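J.: Sharing a structure here in structure tokens format.
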Amino acid sequence: MRAVIASAPGGPEVLSVGEAPEPVLRPGEVLVDVAATAVNRADTLQRMGLYPVPEGSSEIIGLECSGTVAELGEGVEGWSVGDEVCALLSGGGYAARVAVPAGQLMPVPAGVSLVDAAALPEVACTVWSNVFMVAGLQPRENFLVHGGAGGIGTMAIQLATALSAKVFATAGSAEKLAVCADLGADVPINYHDEDFVEVLTAAGGADVILDNMGAKYLARNVDALATSGRLVIIGMQGGSKAELDINALLRKRAAVIATALRSRPAEEKAAICAEVVEHVWPLVADGSVVPVIHERLPLEQVEVAHRLMEESGHIGKIVLTL
1 MRAVIASAPG GPEVLSVGEA PEPVLRPGEV LVDVAATAVN RADTLQRMGL
51 YPVPEGSSEI IGLECSGTVA ELGEGVEGWS VGDEVCALLS GGGYAARVAV
101 PAGQLMPVPA GVSLVDAAAL PEVACTVWSN VFMVAGLQPR ENFLVHGGAG
151 GIGTMAIQLA TALSAKVFAT AGSAEKLAVC ADLGADVPIN YHDEDFVEVL
201 TAAGGADVIL DNMGAKYLAR NVDALATSGR LVIIGMQGGS KAELDINALL
251 RKRAAVIATA LRSRPAEEKA AICAEVVEHV WPLVADGSVV PVIHERLPLE
301 QVEVAHRLME ESGHIGKIVL TL
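Using the UniProt record's numbering, you'd call the opening residue of the sequence shown number 1 and step up by one each time.
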């Protein structure tokens, strides 16, 4: 089948479209003919050899897709050949076909095209599981997301807004700040000119922070937390090691939580997908939440897509079509 092949660990230039073996369908899985996939920061790390593939997962890059059910594995119920779906993957999305555990399949939300649905699974599952299932964001609480104009950020702003939180979002340009505001952010923060700690402290502190920077922002994130605040770290773009002031956490009765989605067991991913379908898809269907897509490129332009991701000038998601 047609698939993206990485010739060796390295830059975007190591990626090209070639031929790979068809996936082997196991019991409890569904074979999907892929219509589109989307680029995630983790994809670039895997390409560089810095993000090992979970045991038993496809070596092909790609953590989400949309497409059509082609075949049902033994024991699968509730799906039919021809159903239009999107899926959260452990790998294999940059290919013409992928085998998916049935619990990680989701219907395409009403009002969303099959191609654009590829931009939803990773961000919807990441934001819902971390901000709401883990951190328990409540209406009228203060919520801060870093990188508000990225894929995760644009979804986080919309979901927190739809569920009546007060949303603060950092971004680095006037264009991106405007996007954050348009999506519902109450307080866009230019991280070049403003100190998010000062902004949040003046507002009573952040009840929940969703952070993809890691070490670089750790101390300042703790300073920005409110009493009983929850800091959820989902990335290490700013490094992996930093000093943590335990006394500051104790004074605030606060929590620092680090999570990853890809390495979770299939049953946990299935539970997250079920919650996303129950709670997020209705918001997509009524227009409260929309997929924000920077560009749609053919799979053959995967090198261009990875360069766009690494330049960090994009807003929302970058989609690859098959």
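Even glycine gets a Cβ: it sits at the ideal position worked out from N, Cα and C. Everything numeric in this text was worked out from a predicted model, so none of it was measured.
Leaving out the 5 sequence neighbours to the left and right, which residues in its chain are closer than 8 Å to ARG140 when beta-carbon positions are compared?
T.: Correct list, in chain order: SER164, ALA165, LYS166.
J.: If we ignore side chains and look at the alpha-carbon of each, how far apart do MET106 and GLU122 end up?
T.: Approximately 12 Å, taken between the alpha carbons.
J.: Which word fits ILE233, buried or exposed, when buried means at least 16 other C-beta atoms lie within 10 angstroms of its C-beta?
T.: Buried, by the Cβ-count rule.
J.: Consider the C-beta atom of GLU64 and the heavy atoms of the ligand HEM; say whether any pair is separated by less than 6 Å.
T.: As far as ligands go, the structure on display features none, and thus does not contain the ligand HEM.
J.: Is it the case that the Cβ atoms of VAL34 and LEU322 are separated by a distance below 7 Å?
T.: In contact: VAL34 and LEU322 (Cβ atoms closer than 7 Å).
J.: Is it right to say VAL24 is buried, meaning 16 or more other beta carbons lie within 10 angstroms of its own, or is it exposed?
T.: It is exposed - the Cβ of VAL24 has fewer than 16 other Cβ atoms within 10 Å.
J.: Using 7 Å as the threshold, is the C-beta distance between PRO54 and SER80 below it?
T.: Contact: no.
J.: Assuming VAL284 is part of the alpha helix (DSSP H), what are its boundary residues?
T.: From DSSP, the alpha helix (DSSP H) with VAL284 extends over 281-285.
J.: Between VAL85 and VAL277, what straight-line distance do the alpha-carbon atoms span, to the nearest angstrom?
T.: The alpha-carbon atoms of VAL85 and VAL277 are separated by roughly 12 Å.
J.: Does the stretch 200-210 come close enough to the stretch 176-183 to have 3 or more Cβ pairs within less than 8 Å?
T.: Judged by Cβ distances under 8 Å, the stretch 200-210 makes no contact with the stretch 176-183, as fewer than three pairs qualify.
J.: Out of TRP128, SER288, ILE61, state which residue places its alpha-carbon closest to the alpha-carbon of ALA96.
T.: For the residues TRP128, SER288, ILE61, the minimum Cα distance to ALA96 belongs to ILE61.
J.: Specify the secondary structure class of GLY172 as computed by DSSP and reduced to three states.
T.: The answer is coil: DSSP assigns GLY172 none of H, G, I, E or B.
J.: Does the stretch 268-276 touch the stretch 124-133, meaning 3 or more C-beta pairs lie closer than 8 Å?
T.: As far as the Cβ criterion goes, the stretch 124-133 touches the stretch 268-276, which means the pair count is three or higher.
J.: Going by DSSP, name the residue or residues bridged to MET106.
T.: Paired residue(s): CYS86.
J.: Helix, strand or coil, according to DSSP, for ASP207 in the structure here?
T.: Three-state DSSP puts ASP207 in a strand.
J.: Could you check whether ALA224 and VAL197 sit closer than 7 Å to each other, using their CB atoms as the reference points?
T.: Taking 7 Å as the Cβ cut-off, VAL197 and ALA224 qualify as a contacting pair.
J.: So ASN247 is in the beta strand (DSSP E); what residue range does that whole segment cover?
T.: Segment 246-252 is the alpha helix (DSSP H) holding ASN247; no beta strand (DSSP E) there.
J.: For ILE209, which residues of its own chain have a beta-carbon under 6 Å away from its beta-carbon, when the five flanking residues on both sides are left out?
T.: Answer for ILE209: LEU144, ASN221, LEU231, listed in chain order.
J.: Suppose you measure from the CA of MET228 to the CA of GLY214; what does that come to, to the nearest Å?
T.: The sequence as given places Ser at residue 228; Met does not occur at that position. Roughly 20 Å separates the two Cα atoms.
J.: To the nearest angstrom, how far is the alpha carbon of ALA174 from that of GLU29?
T.: ALA174 and GLU29: Cα-Cα distance of roughly 45 Å.
J.: List in chain order: all unbroken alpha helix (DSSP H) runs of 4+ residues lying wholly within the stretch 1-81.
T.: Entirely contained in the stretch 1-81, the alpha helix (DSSP H) runs reaching 4 residues are, in chain order, 41-47.
J.: For THR170 versus GLY316, is the C-beta distance shorter than 7 Å?
T.: No, the Cβ-Cβ distance between THR170 and GLY316 is not below 7 Å.
J.: Could you spell out where the beta strand (DSSP E) holding HIS294 opens and where it closes?
T.: Taken as a continuous stretch (DSSP letters only), the beta strand (DSSP E) holding HIS294 covers 293-298.
J.: Can you give, in chain order, each stretch of the alpha helix (DSSP H) that sits fully within the stretch 86-156 and has at least 4 residues?
T.: If we require 4 residues or more, the alpha helix (DSSP H) runs fully inside the stretch 86-156 come out as 121-127.
J.: To the nearest angstrom, how far is it from the Cα of GLU194 to the Cα of TYR217?
T.: Each residue's Cα considered, the two are about 14 Å apart.
J.: Hey, PRO291 and LEU159 are a contact pair by Cβ (cut 8 Å); roughly how many whole angstroms apart?
T.: That belief does not hold up - the Cβ atoms of PRO291 and LEU159 are roughly 12 Å apart, past 8 Å.
J.: Return the Cβ separation of VAL108 and ALA87 in integer angstroms, given the expectation that the two are a contact with Cβ distance under 8 Å.
T.: Not a contact, Cβ separation roughly 10 Å.
J.: On a CA-only basis, which of GLN46, VAL17, ALA3 is nearest PRO9? Give me that one, please.
T.: Comparing Cα-Cα distances from PRO9 to each of GLN46, VAL17, ALA3, the minimum goes to GLN46.
J.: Between the C-alpha atoms of GLY172 and TYR191, what's the straight-line distance to the nearest angstrom?
T.: Their backbone Cα atoms lie some 6 Å apart in a straight line.
J.: Please state whether the Cβ-Cβ distance between LEU320 and HIS314 is less than 7 Å.
T.: No; because the gap between Cβ atoms is not below 7 Å, this pair is not in contact.
J.: Please report the distance separating the alpha-carbon of PRO188 from that of GLY147.
T.: Distance between the alpha carbons of PRO188 and GLY147: 10 Å.
J.: Run through DSSP, which three-state label would ARG264 get?
T.: Reduced to three states, the DSSP call for ARG264 is coil.
J.: Between the alpha carbons of VAL246 and PRO265, how many angstroms are there, rounded?
T.: In the sequence under discussion, the amino acid at residue 246 is Ile, which differs from the Val named in the question. The straight-line gap from Cα to Cα measures roughly 31 Å.
J.: With respect to the beta strand (DSSP E) encompassing ASN212, which residues constitute its N-terminal and C-terminal limits?
T.: Careful: ASN212 lies outside any beta strand (DSSP E) and carries neither H nor E.
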